[in-house]
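Read the structure below first, then the notes.
2 protein chains.
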Amino acid sequence: MQDFELDERLKRDSVAVATLGLCQIRLMRDGRWPWLLAVPQRAGVTEMFELAPLDQTMLTFEINEVARALSIATGAEKINVAAIGNIVRQLHVHIIARSEGDPNWPGPVWGFGTAEPMSDAEIAALARRIAEALSEK
Amino acid sequence: MQDFELDERLKRDSVAVATLGLCQIRLMRDGRWPWLLAVPQRAGVTEMFELAPLDQTMLTFEINEVARALSIATGAEKINVAAIGNIVRQLHVHIIARSEGDPNWPGPVWGFGTAEPMSDAEIAALARRIAEALSEK
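For the protein sequence lines, the chains are A and B, in the order given.
Numbering (our numbering) for the first sequence: 1 to 137.
Numbering (our numbering) for the second sequence: 1 to 137.
Here is the structure:
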């Protein structure tokens, strides 16, 4: 069995926030939106339906926990959840906090403009708020 | 308890293909991509994490069945799955067949251009292929 190894582009564009039972939770380095990735730690999987049934259930549970935590941590109006992967094929699920008036609202975040850099302090502060919301069940 | 009623815009923009245990499966009237919606028949729900735990599991199961069927029916390179809902707040999950060279590949389908009309015959033919793929487990 092949070992899971995080895709190089996901590694470059995001930082680890938490590790759950199945997924690494990562924060995208983009100051425009609070934007997380849930990456199931399974090698060679591209589509959600390729995961084993138990992993599919775990993924749903973890996505929904993270989405709820992100909603609480940010007070966002709407959470966007998506598995797209047209470019990076390693299965990864986007979980993004959206609010009226944010860049490209109500359009999607993908393929829109370029990432806005965040300082290490900004990343650490947001990561901490999310980790705290995740631990408050 | 409030009765489920399909949002007027979803009703106008799509046609029913199948009814599963939780979701209505609908085909978008847009000839640019084979594009389905899974709409959980639960009133007043906007976010996936607001569904009851059993419904969350059902939704995952149904999304993945439909995504696999769409992949088989179309031979698409990648299936895109997303719950966005910034405009229509009734919870609905997009399941879209994408292939290299399709309109806006590898970008997202949402917020891109305008729908390309389909004839009733085209809609019926695609709906039938998808329903057949869904029934072949």
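Glycine residues also receive a C-beta, built at the ideal position from the N, C-alpha and C atoms.
Beta-carbon gap between residue i and residue j smaller than 8 Å
i	j	result
B/Val45	B/Leu10	no
B/Val17	B/Ala131	yes
B/His94	B/Trp35	yes
A/Leu22	A/Gln2	no
B/Val84	A/Asn80	The sequence given here places Ile at residue 84 of chain B; Val does not occur at that position. Result yes, Cβ atoms of B/Ile84 and A/Asn80 sit closer than 8 Å.
A/Asn64	B/Phe49	yes
B/Glu136	B/Gly31	no
A/Trp82	B/Ala82	Per the sequence shown, the amino acid found at residue 82 of chain A is Ala instead of Trp. For A/Ala82 and B/Ala82, yes; Cβs fall inside 8 Å.
Sheet register partners of residue i (DSSP bridge)
i	result
A/Lys78	A/Arg98
A/Met28	A/Ser14
A/Ile38	First, the residue type needs correcting, since residue 38 of chain A is Ala and not Ile in the sequence shown. A/Ala38 pairs with A/Ile25 and A/Val93.
B/Thr19	B/Gln24
A/Ala83	B/Val81
Cβ-Cβ separation, residue j to residue i (assumed contact under 8 Å), whole Å
i	j	result
B/Ser14	B/Leu51	The pair is not a contact, with the Cβ atoms about 21 Å apart (cut-off 8 Å).
A/Pro103	B/Gly111	That belief does not hold up - the Cβ atoms of A/Pro103 and B/Gly111 are roughly 13 Å apart, past 8 Å.
A/Ala127	A/Leu27	5 Å
Check: residue i C-beta below 7 Å from any heavy atom of the ligand HEM
i	result
A/Ala125	Absence of the ligand HEM is noted for the structure shown, with no ligands found whatsoever.
Check whether the stretch 95-104 of chain A and the stretch 75-87 of chain A are in contact - that is, three or more C-beta pairs closer than 8 Å. yes
Could you check whether the stretch 85-94 of chain A touches the stretch 54-69 of chain B, counting it as contact only if at least three pairs of C-beta atoms, one from each stretch, sit closer than 8 Å? no
So, do the stretch 53-65 of chain A and the stretch 111-119 of chain A have three or more beta carbon pairs nearer to each other than 8 Å? Pairwise C-beta distances place the stretch 53-65 of chain A out of contact with the stretch 111-119 of chain A, as fewer than three of them are shorter than 8 Å.
Length-filtered (4 minimum) alpha helix (DSSP H) runs lying within the stretch 48-75 of chain B: 53-74
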